[in-house]
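S.K.: Heads up, the sequence shown is in the UniProt record's numbering, so the first residue is 1 and it goes up one at a time.
Using N, Cα and C, we set each Cβ at its ideal position, and we do this for glycine too.
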Amino acid sequence: MQVKILPKDPLVAREQGLWPLETPLSIATAHDGPTSARVAVIDYNADLDTRFASAKALKNGKGFHGIARLRHNRILDDFNFHQVNAWAIVEQILTKMEGEYALARPIPWASGLGRLLILPHAGYQENAFYDRGTGALHFFYFEGLDGKPVYTCLSHDIVAHELGHAILDGLKPGYNEICSPETAGFHEYFGDAVAMMSSLDIDEIARIVTRGAPARLSARNLVSAIASEFGAAIHRLPDEAYLRGAWNNRKMGDLRGTFEEHDWSEILTGAYYDLLEYLYRHQLESRDDRRGLEGVRGVGERQRRCIQALFGAANKTSNIMLRAIDYCPPVDVRYEEYARAVIRADEVAYPTDPLGIRAQLRRIFRRRQIGLTNENTGARDQTIYELRATADIDAITATPADAYRFLDQYRALFGIPADANLRVPSVYRTNKRAKSGYRPPKERVIEFTWSDDVRLEGRRFGALAGGFLPLYCGGTLVFDGNGNFLHSSLVLPTPQRRRALLAYVAFLVRDGRIGVVDGARGIGAPGIDSFPVRAILEGNRVRLERNAAMRHGRPGDGHP
Ligand SMILES: [Zn+2]
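1) Consider the C-beta atom of H187 and the heavy atoms of ligand 1; say whether any pair is separated by less than 8 Å.
2) When you compare each of V296, D201, F479, L471 to Y504 by their alpha carbons, which one comes out closest?
3) Kindly indicate which residue of L486, M1, H82 has the alpha-carbon position closest to the one of A341.
4) By how many angstroms is the C-alpha of Y189 removed from the C-alpha of I226?
5) Rounded to whole angstroms, what's the CA-CA distance from L168 to F186? Just pull it up for me.
6) A313 and L268 - do their beta-carbons sit closer together than 9 Å?
7) Cβ of R368 within 8 Å of any heavy atom in ligand 1?
8) Is the beta carbon of E182 within less than 8 Å of some heavy atom of ligand 1?
9) Could you tell me the distance, in whole angstroms, from the CA atom of S218 to the CA atom of L276?
10) Are V491 and R444 touching if we call contact CB-CB under 9 Å?
11) G191: beta carbon under 8 Å from a heavy atom of ligand 1?
12) At which residues does the beta strand (DSSP E) containing S489 begin and terminate?
13) Taking H156 as the reference, give the member of E386, A525, V223 with the closest Cα.
14) Using a Cβ-based criterion (distance less than 8 Å to any ligand heavy atom), does H161 qualify as near ligand 1?
15) With 16 as the cutoff for other CB atoms within 10 Å, does L48 come out buried or exposed?
16) For E545, I'd like the list of residues in its chain whose CB is within less than 6 Å of its CB, leaving aside the five on either flank, ordered along the chain.
17) According to DSSP, simplified to helix, strand and coil, what is V333?
18) Between the Cα of T317 and those of A401, P10, R344, A193, spot the shortest distance and give me the residue it belongs to.
19) Within 10 angstroms of the Cβ of V517, are there 16 or more other Cβ atoms? Answer buried if so, exposed if not.
20) Restricting to Cα atoms, I'd like to know which of P495, S54, A525, V12 is closest to H31.
21) With a threshold of 8 Å, establish whether the CB of H165 neighbours any heavy atom of ligand 1.
22) Would you say H31 touches ligand 1, meaning its beta carbon is less than 8 Å from a heavy atom?
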């Protein structure tokens, strides 16, 4: 079918002429709503207690009623277009991420339901968020600088970013727990990476970014500036219109003692853009003539080469950076572990590295001060040897219970404490491909978690003092289809992690971010919904829960 998608947002549409574009979409199950196998739009507005009429699919299956004829400014006010736009962006990203060049498997929703819900006009607020509890992406609208409504569901970046949260929550539900500012930052990074990936899939955006056939990507462009209209409206900055960007030079050292997740996210968002920038230059220079753009006649031909280079670089970057998620631990991901996962996952998928990507990745991570130890391949060989007598990998990974039997048998080998009561939240397989035609090994992945207790002692924990908080631990094991061990990532209950968790929780208390709910009596602090984190007290146990609506700041002055 053909649908229309707004490539960036209404501000950029007006300033750069980037209006909704006809886009082909092959979704066999599309119905009124739109609704499809994995996604359903429900246009319910809780403030007005109204459900807006949903877009009707054309009988011939080629699109939706009444949208094709709408002209520029009219279309941006049309609620049916809003519904189709958000739905189509979600479908496009899902198709790409589940594809064989990316994750090569269906992405589960953390709600446990088959469909992710989209509420394009959830109510009046400066906010947009993903909520596992409702299994939905909630998009709000508010009054912009010019007095006209700003619909967050019309911002491609915001839709992609919120979907990124939903995807990551499906893949790694443990990352939603309160563990560390790095893990919270990782969630934000993932959303921004999905937004950049999605922008770079659009021809018109590529054309604007490569205008003038640049030999290098500029630091600030339509791709690196994320969520421009929303940022402009919130910061009251009509000219300096950008909320946040990937052009930063943030390093780990800059953030020592900082707990702000958006600051932490910028390190990885920056690293993502660093790789894109490198691969773009590399693609241009590695043309047959080895001279890049030199000697290429004609502006049109030069730009055509730049667009090709940008698409090539964008695909490689998203595959490398997002695929690595399978090699990350199920809880409390730290950037060193992620960097290690990026390099190892790439090595498995592309044993030869003619473009020197891994050496460049090491340079990028080093510049950002993300420590990387050299992989001990001897230890990997030793693990393979120790596992020589195990049962067939199909039997081990048949069900979570089978995987548990295997893990329990090899606790010592994988460093799992004898007293850890394991849960196996996920066992899955992949069947990835490389653009070169090379078929990487089919992966079998086992994820396991457990929790240890940390005592909150002292006045710095306020009302939580004296309680026990879970310290989430776990690991990920990756094997190939023959049962050969490929990678492991372990998160253990170390004294360092205990101290880091205590410092983080003390910060959340000090900064007034935690609202306390007495679980036994069901009584919450006044205005409990305005706290980013809820602490539920049950006896001497403390459970911390993220308030989805507050992930991006306070409703009313929220940040996307
Ligand atoms: Zn976010």
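M.R.: Put simply:
1) Within the sequence shown, residue 187 is the residue found at index 187, counting from 1. Answer for H187: yes, Cβ within range of ligand 1.
2) On the sequence shown, residue 504 is found 504 positions in, with the first residue counted as 1. Nearest C-alpha to Y504: L471.
3) By one-based count along the sequence shown, residue 341 stands at place 341. Nearest of L486, M1, H82 to A341, Cα basis: L486.
4) Taking the sequence shown and counting its residues from 1, one reaches residue 226 at position 226. Taking the sequence shown and counting its residues from 1, one reaches residue 189 at position 189. Each residue's Cα considered, the two are about 11 Å apart.
5) Sequence index remark: in the sequence shown, residue 168 carries index 168 (1-based). Sequence index remark: in the sequence shown, residue 186 carries index 186 (1-based). So the two alpha carbons sit approximately 10 Å from each other.
6) Taking the sequence shown and counting its residues from 1, one reaches residue 268 at position 268. Taking the sequence shown and counting its residues from 1, one reaches residue 313 at position 313. The answer is no: Cβ separation not under 9 Å.
7) Here the question's residue 368 lines up with position 368 in the sequence shown. R368 Cβ: outside cutoff for every heavy atom of ligand 1.
8) If you number the sequence shown from 1, residue 182 lands on position 182. Result no, Cβ not under 8 Å from ligand 1.
9) In the sequence shown, residue 218 corresponds to position 218, counting from 1. In the sequence shown, residue 276 corresponds to position 276, counting from 1. Those two C-alpha atoms are separated by around 11 Å.
10) Numbered from its first residue, the sequence shown carries residue 491 at position 491. Numbered from its first residue, the sequence shown carries residue 444 at position 444. In this structure, R444 does not lie closer than 9 Å to V491 by Cβ.
11) Within the sequence shown, residue 191 is the residue found at index 191, counting from 1. Yes, ligand 1 has a heavy atom inside 8 Å of this Cβ.
12) Within the sequence shown, the letter at position 489 stands for residue 489. Note, S489: beta strand (DSSP E), 485 to 491.
13) Residue numbering aside, residue 156 sits at position 156 when the sequence shown is read from its first letter. Among E386, A525, V223, the Cα nearest to that of H156 is on V223.
14) Here residue 161 refers to the residue found at position 161 when the sequence shown is read from its first residue. H161: yes, Cβ under 8 Å from ligand 1.
15) For this step, residue 48 is matched to residue 48 along the sequence shown. Classification for L48: exposed.
16) Along the sequence shown, one-based indexing puts residue 545 at 545. The answer, listed in chain order, is R534.
17) As a position in the sequence shown, residue 333 is number 333, starting the count at 1. If DSSP states are grouped into helix, strand and coil, V333 belongs with coil.
18) The residue labelled residue 317 in the question sits at position 317 within the sequence shown. Here the closest residue by C-alpha is A193.
19) Position 517 of the sequence shown, counting from 1, holds the residue named residue 517. Per the 10 Å Cβ criterion, buried.
20) Taking the sequence shown and counting its residues from 1, one reaches residue 31 at position 31. The shortest C-alpha separation from H31 is found at S54.
21) Here residue 165 is taken as the residue at index 165 of the sequence shown, counted from 1. Yes; taking the cut-off as 8 Å, the Cβ of H165 has a heavy atom of ligand 1 nearer than that.
22) One-based indexing of the sequence shown puts residue 31 at position 31. No; taking the cut-off as 8 Å, the Cβ of H31 has no heavy atom of ligand 1 nearer than that.
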